[in-house]
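S.K.: Each residue of the sequence shown is one higher than the one before, counting from 5 in my numbering. Before anything else, here's the structure in question.
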Amino acid sequence: MLFVSCTSVKTVGRDVMDELVRLLDSGQLPGIKSSEMIEEAHVQPFPQYYRIKYPETVAVFVVKKDEASVYSYVFTKLDARDKWTLTSAGRRLQNGEREELK
5 MLFVSCTSVK
15 TVGRDVMDEL
25 VRLLDSGQLP
35 GIKSSEMIEE
45 AHVQPFPQYY
55 RIKYPETVAV
65 FVVKKDEASV
75 YSYVFTKLDA
85 RDKWTLTSAG
95 RRLQNGEREE
105 LK
């Protein structure tokens with residue numbers, strides 16, 4: 005059965021970014037050290053009036069300062085009461101290839 009919540013997309017984006025920052029600050033974000041500067045980070049866009057349904061998966065895209073690669077982090081939340089969990093990490097190289105990060 006699918007659980008539907010009235011959680012707003014804005015809240016989801018903020019919560020996912022908070023988890024990304026927590027992982028970065030603790031040195032647990034694959035591919036980016038806590039001492040490295042992030043130039044840009046954004047959560048995947050959602051359609052207007054999108055309703056959050058659990059389980060939910062959200063992607064965050066990050067560009068480090070002075071680097072052209074785009075890092076992608078996928079977070080999953082199984083239930084409205086769970087925490088966001090990093091389930092996948094990778095980076096898109098300049099040649100278009102994807103490299104999985106651990």
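We treat Cβ as the ideally placed atom computed from N, Cα and C, and that holds for glycine. It should be emphasised that the depicted structure is a prediction, and the values quoted were computed from it without experimental measurement.
(1) Does the contact criterion of 3 or more C-beta pairs under 8 Å hold for the stretch 19-28 versus the stretch 85-104?
(2) In chain order, which beta strand (DSSP E) runs of at least 3 residues are fully inside the stretch 11-51?
(3) Give me the DSSP bridge partner(s) of Glu60.
(4) Buried or exposed: Glu60, going by 16 or more other Cβ atoms within 10 Å of its Cβ?
(5) Mapping DSSP to helix, strand and coil, what is Ser73?
(6) Using the Cα positions of Val74 and Lys106, report the straight-line distance between them to the nearest angstrom.
M.R.: A quick look at the data gives this:
(1) yes
(2) 42-47
(3) As a first step, residue 60 is located in the sequence shown; it is residue number 56 there, counting from the start. Beta-bridge pairing links Glu60 to Lys81.
(4) Here residue 60 corresponds to residue number 56 of the sequence shown, with the count starting at 1. Label assigned to Glu60: buried.
(5) On the sequence shown, residue 73 is found 69 positions in, with the first residue counted as 1. Three-state result, Ser73: coil.
(6) As a first step, residue 74 must be located in the sequence shown, where it is residue number 70. As a first step, residue 106 must be located in the sequence shown, where it is residue number 102. Their Cα atoms are separated by approximately 16 Å.
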